[in-house]
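Reading through the structure tokens given below for one structure.
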Amino acid sequence: MLFQIKSYIKFLWHSKNEHAVHSPFVFSLLTKCFYDNKPKPEYEVLKEYRNSLLQNKNTIEVTDFGAGSRVFKSNARQIAQIAKTAGISAKRAQLLYRIINYFQPETILEIGTSLGLATSALSLGNPQASITTLEGCPNTMAIAKNQFKQFGLNSINSVVTKFNNYLGDFQLSAFDFRLIYFDGNHSKKATLEYFELLLPTITNETVWIFDDIHWSAEMEEAWEIIMNHQKVTVSIDTFQWGLVFFRYEQPKQHFIIRT
Numbered sequence: 030m031l032f033q034i035k036s037y038i039k040f041l042w043h044s045k046n047e048h049a050v051h052s053p054f055v056f057s058l059l060t061k062c063f064y065d066n067k068p069k070p071e072y073e074v075l076k077e078y079r080n081s082l083l084q085n086k087n088t089i090e091v092t093d094f095g096a097g098s099r100v101f102k103s104n105a106r107q108i109a110q111i112a113k114t115a116g117i118s119a120k121r122a123q124l125l126y127r128i129i130n131y132f133q134p135e136t137i138l139e140i141g142t143s144l145g146l147a148t149s150a151l152s153l154g155n156p157q158a159s160i161t162t163l164e165g166c167p168n169t170m171a172i173a174k175n176q177f178k179q180f181g182l183n184s185i186n187s188v189v190t191k192f193n194n195y196l197g198d199f200q201l202s203a204f205d206f207r208l209i210y211f212d213g214n215h216s217k218k219a220t221l222e223y224f225e226l227l228l229p230t231i232t233n234e235t236v237w238i239f240d241d242i243h244w245s246a247e248m249e250e251a252w253e254i255i256m257n258h259q260k261v262t263v264s265i266d267t268f269q270w271g272l273v274f275f276r277y278e279q280p281k282q283h284f285i286i287r288t
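So for the sequence shown, the numbering used here puts the first residue at 30; every next one is plus one.
Structure, rendered in structure tokens:
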């Protein structure tokens, strides 16, 4: 916790808003998407999805293949508590919805479904998108799939798998994931492994979002390596997320942005 507090203070010191951005691409993203404060009917659906989980007092056994939890001491966890403490926040779910709605990616990969809070934002942002979401724990995926059915989110392909197994088993260069949301294993080794495995899928329009880039010193190191990679041209640090783009026409730039 102390590490994250120090990181956040550093972030606030260096972060800017749209008035300090001179890239037309990033300026448009900030003004038309990040800072769009208009109400959306989809926000009510996101709220209902969250509330239905917060009211679920059932307990499930969670299989955790990632970096572990800083909140839960046992793998037996109440669904309401998972939604409250481990899922994407309501504010970030709305931002994720806006990002999808802004870029309108036709194909989306999510690494780390959990209870589907972020998945619902991905689906609502572009209901026509084909979404593949990966989860290592069959019990949490079962809850998520029930939620998807309940809320009519029908374009989601839910896959229970270890992430590196799934990504390693396919000829990924044949895939064209226009947007990938990385939220499955908050370790440097795994994050960089997924990054390298998925590089063959990139196009000029690709958007990648990495969750919890300041979760630990290791994750900050992973983010530093990613944003300095030769194929990454534009990167945006929002503290919670790191966004990267591979636009060949863009000069290499890094932005630290308050959201």
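Glycine included, C-beta positions come from ideal geometry on N, C-alpha and C.
Between which two residues does the alpha helix (DSSP H) carrying residue i extend?
i      : result
GLU225 : 217-227
ILE172 : 167-179
ILE265 : Premise fails: ILE265 lies in the beta strand (DSSP E), 263-266, not in any alpha helix (DSSP H).
GLN269 : Per DSSP, GLN269 belongs to no alpha helix (DSSP H) and is neither H nor E.
Can you name, in chain order, every residue of its own chain whose Cβ lies under 8 angstroms from the Cβ of residue i, other than the five neighbours on each side?
i      : result
GLU250 : LYS217
SER159 : GLU135, THR136, ILE137, SER184 and ASN186
ASN193 : ALA219, GLU222, TYR223 and LEU226
Over what stretch of residues does the beta strand (DSSP E) that includes residue i continue unbroken?
i      : result
GLY116 : Careful: GLY116 lies outside any beta strand (DSSP E) and carries neither H nor E.
GLN107 : 105-107
TRP237 : 236-240
How would you call residue i, buried or exposed, if buried means at least 16 neighbouring beta carbons within 10 angstroms?
i      : result
ASN155 : buried
ILE255 : buried
ASN214 : buried
ARG99  : Note that ARG99 scores a pLDDT of 48, beneath 50, so its modelled location is shaky and nothing firm can be said.
GLY97  : The pLDDT assigned to GLY97 is 48, lower than 50, so where the model puts this residue is not dependable; a value taken from the coordinates is nonetheless given after this. When all chains shown are included, GLY97 counts as exposed.
THR162 : buried
THR60  : exposed
HIS243 : buried
ILE128 : buried
Going by beta carbon distance, what residues of the same chain come within less than 7 angstroms of residue i, once the five residues before and after it are set aside?
i      : result
LYS86  : GLN107 and ALA109
ALA122 : LEU75, LEU146, ALA147 and ALA150
LYS113 : LEU83
LEU182 : SER149 and SER152
Closer than 7 angstroms: is that where the CB of residue i sits relative to any heavy atom of the ligand MG?
i      : result
PHE275 : This structure lacks the ligand MG; in fact it carries no ligand of any kind.
Give me the Cβ distance between residue i and residue j, rounded to the nearest whole Å; I'm assuming they're in contact under 8 angstroms.
i      : j      : result
PHE206 : THR230 : 5 angstroms
GLN179 : LEU144 : About 12 angstroms separates the two Cβ atoms, so there is no contact after all.
VAL263 : VAL55  : 7 angstroms
PHE239 : ILE265 : Not quite, the Cβ-Cβ distance comes to about 11 angstroms (not below 8 angstroms), so this is no contact.
LEU124 : PHE63  : 7 angstroms
Using a Cβ-Cβ cutoff of less than 6 angstroms, which residues in the same chain neighbour residue i once the five nearest sequence positions on both sides are dropped?
i      : result
LYS39  : none
ILE89  : ASN168
ASN46  : ARG287
TYR210 : GLU139 and ILE238
Requested in this report: Please specify which runs of the alpha helix (DSSP H), each continuous and at least 4 residues long, are wholly inside the stretch 56-96, giving them in chain order.
Outcome: 70-83
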